[in-house]
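Protein chains in written order, with full-length UniProt numbering: chain A, 1 to 520; chain B, 1 to 520.
Backbone N, C-alpha and C define an ideal beta-carbon position, used for all residues, glycine too.
As the structure is a prediction and not an experimental result, all values here were calculated from the model.
Taking it in order: structure first as structure tokens, then the write-up.
Protein chains: 2
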Amino acid sequence: MNSESNKSLYNTFEQDTFKILIATDIHLGYLEKDAIRGNDTFVTFDEIMKQAVQNEVDFVLLGGDLFHDNKPSRKTMHCCMEVMRKYCMGDRPIVFEILSDQAVNFSHSKFPWVNYLDSNLNISIPVFSVHGNHDDPTGADGLCAIDLLSCAGLINHFGRSRSVEKLEISPVLLKKGNTRIALYGIGSIPDERLYRMFINNQVTMLRPREDEDGWFNLFVIHQNRSKHGATNYIPEQFLDDFLDLVVWGHEHECKIAPVRNEQQLFYVTQPGSSVITSLSPGEAVKKHIGLLRVKGKKMNLQKIPLQTVRQFFIQDVTLSEHPDLFSPEQPNVMLKVMAFCQEKVEEMLEEAERQRLGNSLTPEKPLIRLRVDYSGGFEAFNTMRFSQKFVDQVANPKEILHFIRHREAKDNIKDMDFEAILSRPTSEVLQLRVEDLVKEYFQKAEKNVQLSLLTEQGMGKAVQEFVDKEEKDAIEELIKYQLEKTQRFLRERRVEATEEKIDEEVKGRAFKEDLVRNLN
Amino acid sequence: MNSESNKSLYNTFEQDTFKILIATDIHLGYLEKDAIRGNDTFVTFDEIMKQAVQNEVDFVLLGGDLFHDNKPSRKTMHCCMEVMRKYCMGDRPIVFEILSDQAVNFSHSKFPWVNYLDSNLNISIPVFSVHGNHDDPTGADGLCAIDLLSCAGLINHFGRSRSVEKLEISPVLLKKGNTRIALYGIGSIPDERLYRMFINNQVTMLRPREDEDGWFNLFVIHQNRSKHGATNYIPEQFLDDFLDLVVWGHEHECKIAPVRNEQQLFYVTQPGSSVITSLSPGEAVKKHIGLLRVKGKKMNLQKIPLQTVRQFFIQDVTLSEHPDLFSPEQPNVMLKVMAFCQEKVEEMLEEAERQRLGNSLTPEKPLIRLRVDYSGGFEAFNTMRFSQKFVDQVANPKEILHFIRHREAKDNIKDMDFEAILSRPTSEVLQLRVEDLVKEYFQKAEKNVQLSLLTEQGMGKAVQEFVDKEEKDAIEELIKYQLEKTQRFLRERRVEATEEKIDEEVKGRAFKEDLVRNLN
């Protein structure tokens with residue numbers, strides 16, 4: 001009834017305009033056990049979906065990492081489903097069509113069609129998402145956390161590929177009035193692998209046959225955008241230049257205003273995470289989601305500031321820059337430095353309170369970080385006592401202060417790397433450690449204990465899955481896979497079954513190459 | 001369209017008759033990693049739900065343990081949702097009403113109403129379930145695996161209570177034509193605790209005010225029915241005599257034909273599990289689900305044999321009963337015994353094949369167990385070589401033979417207990433072991449290392465949850481709970497804050513009693 005009158009209004013003004021809510025890296029369940037911050041991700045997800053309803057968007061587009069953990073806790077999964085059922089179901093009519101073959105777009109799903117066209121589900125706001133690196137498919141059945149939501153009819157998981165050598169992306173083709181969108185996506189893939197696929201021309205974005213240039217081409221990707229080593233990111237130049245807008249997930253800093261890539265002539269929007277997962281400067285940038293309007297080939301992206309995100313203030317001080325206040329030789333210099341740091345933290349707290357004024361949705365206790373450069377003969381002090389003063393005012397009392405020392409000599413470079421690692425989310429630290437550990441182990445191991453069938457690379461990956469994604473069967477599966485592969489290889493070569501012969505064969509070049517090809 | 005003509009037919013014949021599919025202990029995910037049996041539970045769940053559709057039941061009633069693991073794997077959860085979405089959603093109209101206050105019946109749910117009345121879900125077959133001991137609520141948020149299904153709108157989880165001292169059961173009141181059903185349920189509770197509640201008159205089944213005697217009173221319970229120790233089961237006599245039919249879950253033997261309790265004058269149906277989780281005689285009874293018809297106060301329960309359940313044959317042989325075939329003194333007696341056992345297994349395999357003939361749904365490889373009593377001087381032989389012969393014919397080649405020895409003296413009784421334990425599902429064995437371990441530890445511990453605040457009972461329970469339900473926070477939560485409790489107690493008593501004083505107080509009787517009351 002109401003929807004009818006709304007509809008006519010809607011038709012008059014917006015019949016050709018797609019309204020799309022864009023968000024990414026919501027990391028549901030991040031720090032869920034924390035007494036202060038435990039509910040932050042759930043509250044913000046609620047805010048995001050509420051915005052989708054209030055803005056009457058046609059659909060929500062997520063850029064991956066909806067979940068923080070590969071195996072989200074029951075509570076996290078429950079909270080997520082609750083919010084989605086609350087906001088994504090209802091009687092509001094959906095006025096855009098799907099023109100592509102849904103069985104292709106959602107081929108990995110048991111219900112390979114978009115949820116709002118399922119006559120058993122009354123969906124008012126469809127959500128489309130690729131998976132991120134935190135919630136990617138694992139295990140023998142290749143399922144990921146958002147596949148559970150997809151099976152429950154709450155999300156449309158797209159951008160999924162089974163091949164590890166080749167990507168052929170069939171866009172989801174959407175039509176509203178006279179506007180047509182080709183929606184492309186690639187769920188998270190290890191950066192090196194995707195980099196290699198691009199380099200080898202193994203990434204193809206299929207284009208609609210009909211009126212190729214009449215589409216607005218929207219692409220969602222969840223990869224490193226900033227360079228983390230030679231091949232450990234995806235350069236924008238790799239992406240097809242027929243694209244109009246790229247939504248870049250994974251990077252947590254909010255750079256949501258579309259930036260034109262002058263070489264490729266497309267725009268890139270990087271919404272950034274909706275929760276602060278590391279106390280680094282990028283996360284201190286005000287968090288937003290985007291309201292994207294697309295009409296024909298024109299677009300407009302409206303920034304919507306998030307109200308429920310915990311405030312985060314970060315400041316750097318260099319002790320040696322204040323010779324008027326203290327010098328390393330002074331008696332009681334440490335007390336003076338402490339008082340100075342305290343003052344800086346109080347300044348940030350005041351600023352936080354000022355900015356929070358009148359906004360009842362923002363959590364009371366902000367995140368505060370003071371990075372103290374104590375090079376030049378100063379000493380770091382005990383942060384425990386310092387933290388005590390702020391325990392009731394700050395959400396991260398134990399991590400307020402961060403002492404750093406300037407690189408004074410080249411051999412300190414290792415310290416700095418470690419700093420960089422520590423400022424990442426814990427899971428990534430763990431990941432790095434496990435990788436290093438395995439690598440180190442195999443490098444140090446004597447020749448005779450080295451694995452000849454299980455490659456270092458394969459084993460490293462399996463151990464990493466085991467630790468990082470709680471994938472209990474990763475190691476077992478690798479060994480089974482390798483064993484079967486070896487047996488098949490030997491059968492094919494009709495190797496005589498003597499121990500020496502077999503040993504010789506599997507140490508040969510052909511087998512090794514075959515192995516590496518299959519592991520990547 | 002079609003449903004309209006169906007409906008009129010339906011109204012003519014069955015307008016007053018409830019048709020209810022009854023099943024229990026489906027144990028989804030049991031042995032999911034097993035190469036042969038891994039899919040058994042999923043296949044049978046599919047069969048059960050298909051039966052519900054084919055028999056056009058009004059609803060499905062489950063007696064608990066839908067899941068085998070408290071934290072089902074992603075694959076298991078995905079399979080379950082897939083089957084439910086496939087069979088429980090659709091356009092078939094539901095023709096019974098709910099008369100009770102759903103907000104009371106489903107008060108623990110975020111969507112406290114029955115799923116088929118949710119205008120956003122097109123439910124054709126509602127499923128009602130209590131939770132079992134395998135899938136019971138755990139953790140600080142008190143969620144269980146079926147709460148995820150409930151949040152997704154796929155199940156109606158009832159019979160849930162928050163109190164551990166008192167149960168007040170509000171029935172779900174259902175009405176179809178002139179037939180009214182009061183549906184009561186108790187989700188699994190540790191038997192001792194429920195036993196005590198019954199003994200202390202703390203279990204109340206509320207009855208509808210209007211026309212108290214006009215209802216068919218149906219009760220679902222998931223507890224030990226057979227006596228496992230003095231208070232470790234629920235005697236039928238404890239249950240209210242106004243009940244008409246009790247559906248008893250948890251017990252795996254199929255005794256689905258309703259048996260009248262002559263004292264209480266109600267009937268009990270024990271559907272039994274739909275999967276064989278232990279190689280004991282009870283599980284060899286043919287598996288069924290039930291089609292219950294209720295009209296007024298009359299009922300009829302039709303047995304439906306399950307086709308997809310793996311066959312299970314068990315046979316006992318006593319070597320000393322065959323003096324004509326072999327005696328312990330003979331040379332080569334072991335080979336003769338082996339041949340004898342082989343013959344018995346082959347007999348069972350032939351019988352299995354004969355019975356399976358023409359039934360393409362039954363899995364090819366049966367479960368086979370031969371229990372060999374070798375008392376009287378015989379010796380057990382290596383089962384490995386024996387198993388090899390049947391590796392392609394039997395689903396459990398490694399566990400075909402089970403050597404037992406007759407209790408010849410009293411001191412052998414321990415062996416027998418161990419046998420009993422081993423025939424239980426592995427998780428229960430683990431449970432027993434953990435419990436024993438903790439008990440033993442505290443009994444052996446010197447007085448000065450014994451815990452004074454954390455009771456043996458509380459700690460035992462926490463460790464058990466930790467191991468058995470993968471509840472990682474169980475121990476932490478217990479300690480937090482106990483600490484807060486102790487602090488509150490001390491504050492209330494205004495104990496002076498000296499160490500000795502505090503020690504004295506918490507060792508006092510009042511506190512200990514308070515503690516025990518709250519732990520149970």
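Query: Would residue 345 of chain A pass as a contact of residue 61 of chain A if the rule is Cβ separation under 8 angstroms?; Result: no
Query: Please confirm whether residue 88 of chain B and residue 127 of chain B have their CB atoms less than 8 angstroms apart.; Result: yes
Query: Tell me whether residue 226 of chain A is buried or exposed, calling it buried when 16 or more other Cβ atoms sit within 10 Å of its Cβ.; Result: exposed
Query: Any idea what DSSP makes of residue 416 of chain B, helix, strand or coil?; Result: For residue 416 of chain B, the predicted model reports a pLDDT of 40, less than 50, meaning its position is unreliable and no value from the coordinates is stated.
Query: Please work out which residues of its chain come closer than 6 angstroms, Cβ to Cβ, to residue 287 of chain A, disregarding the five sequence neighbours upstream and downstream, and give them in chain order.; Result: 254, 274, 306 and 309
Query: Pair every Cβ in the segment 152-172 of chain B with every Cβ in the segment 199-213 of chain B, then say whether three or more of these pairs are closer than 8 angstroms.; Result: yes
Query: When we look at the beta-carbon of residue 369 of chain B and count the other beta-carbons within 10 Å, is it buried (16 or more) or exposed?; Result: buried
Query: By the criterion of Cβ-Cβ separation under 7 angstroms, what are the contact partners of residue 119 of chain A in chain C?; Result: Included in the structure are the protein chains A and B, with no chain C among them.
Query: What is the DSSP secondary structure of residue 374 of chain A, reduced to helix, strand or coil?; Result: coil
Query: Does any residue of chain A have a CB that is nearer than 8 angstroms to the CB of residue 111 of chain B?; Result: yes
Query: Mapping DSSP to helix, strand and coil, what is residue 358 of chain B?; Result: coil
Query: Give the single residue among B:141, B:80 and B:52 whose Cα lies nearest to the Cα of residue 92 of chain B.; Result: B:52
Query: Just tell me which of B:373, B:347 and B:295 has its CA closest to the CA of residue 321 of chain B.; Result: B:373
Query: Can you find a C-beta in chain A that's less than 8 angstroms from the C-beta of residue 581 of chain B?; Result: Nothing can be reported for residue 581 of chain B, as the shown portion of chain B is limited to 1 through 520.
Query: Just verifying my parser: in three-state terms, what is the DSSP assignment at residue 32 of chain B?; Result: coil
Query: Can you check the segment 292-336 of chain A for any alpha helix (DSSP H) of at least 4 residues that lies completely inside it and give the ranges in chain order?; Result: none
Query: Grouping DSSP H, G and I as helix and E and B as strand, with all else coil, what is residue 522 of chain A?; Result: Since the first residue shown for chain A is 1 and the last is 520, residue 522 of chain A is missing from the structure and cannot be characterised.
Query: Examine chain A for any beta-carbon lying closer than 8 angstroms to the beta-carbon of residue 348 of chain B, and answer yes or no.; Result: no
Query: Go ahead and label residue 323 of chain B buried or exposed: buried means 16 or more other beta carbons lie within 10 angstroms of its beta carbon, across all protein chains shown.; Result: exposed
Query: Should residue 314 of chain B and residue 284 of chain B be called a contact, given that it needs their Cβ atoms to be closer than 8 angstroms?; Result: yes
Query: Using a 10 Å radius around the Cβ and a threshold of 16 neighbouring Cβ atoms, would you call residue 180 of chain B buried or exposed?; Result: buried
Query: On the three-state DSSP scale, how would you describe residue 129 of chain B?; Result: strand
Query: Report the rounded CA-to-CA distance for residue 302 of chain A versus residue 272 of chain A, giving the unit in angstroms.; Result: 15 angstroms
Query: Taking C-beta pairs closer than 9 angstroms, name the residues in chain B that residue 152 of chain A reaches, listed in chain order.; Result: 81, 85, 148, 149, 151, 152, 153 and 154
Query: Answer with buried or exposed for residue 398 of chain A, where buried requires no fewer than 16 other C-beta atoms within 10 angstroms of its C-beta.; Result: exposed
Query: Give the straight-line distance between the Cα atoms of residue 393 of chain A and residue 31 of chain B, rounded to the nearest whole angstrom.; Result: 50 angstroms
Query: Is the segment 206-223 of chain A touching the segment 256-263 of chain A, taking contact as three or more C-beta pairs under 8 angstroms?; Result: no
Query: Taking residue 46 of chain A as the query, report the chain B residues whose CB atoms sit under 8 angstroms from its CB, ordered along the chain.; Result: The premise fails here: residue 46 of chain A is roughly 12 angstroms from chain B at the closest Cβ pair, so nothing lies under 8 angstroms.
Query: Counting only the same chain and skipping the five closest in sequence on each side, list residues whose C-beta sits under 6 angstroms from that of residue 159 of chain A.; Result: 130, 185, 186 and 187
Query: Could you please tell me which residues of the segment 160-190 of chain A, in chain order, have their CB closer than 7 angstroms to any CB of chain B?; Result: none
Query: Grab the span of the beta strand (DSSP E) containing residue 404 of chain B for me, first residue to last.; Result: 401-404
Query: For residue 349 of chain A, which option in A:391, A:319, A:379 and A:238 has the closest C-alpha, if you only look at C-alpha atoms?; Result: A:391
Query: Opposite residue 248 of chain B in the DSSP bridges: which residues?; Result: B:221
Query: Comparing the CB of residue 128 of chain A with every heavy atom of the ligand GDP, is any distance shorter than 7 angstroms?; Result: Annotation note on the ligand GDP: not contained in the displayed structure, which lists no ligands.
Query: Counting beta carbon pairs with one atom in the segment 66-79 of chain B and one in the segment 24-41 of chain B, are three or more of them shorter than 8 angstroms?; Result: yes
Query: Mind pulling the alpha helix (DSSP H) runs of 4 or more residues that sit fully within the segment 111-199 of chain B?; Result: 145-151 and 191-199
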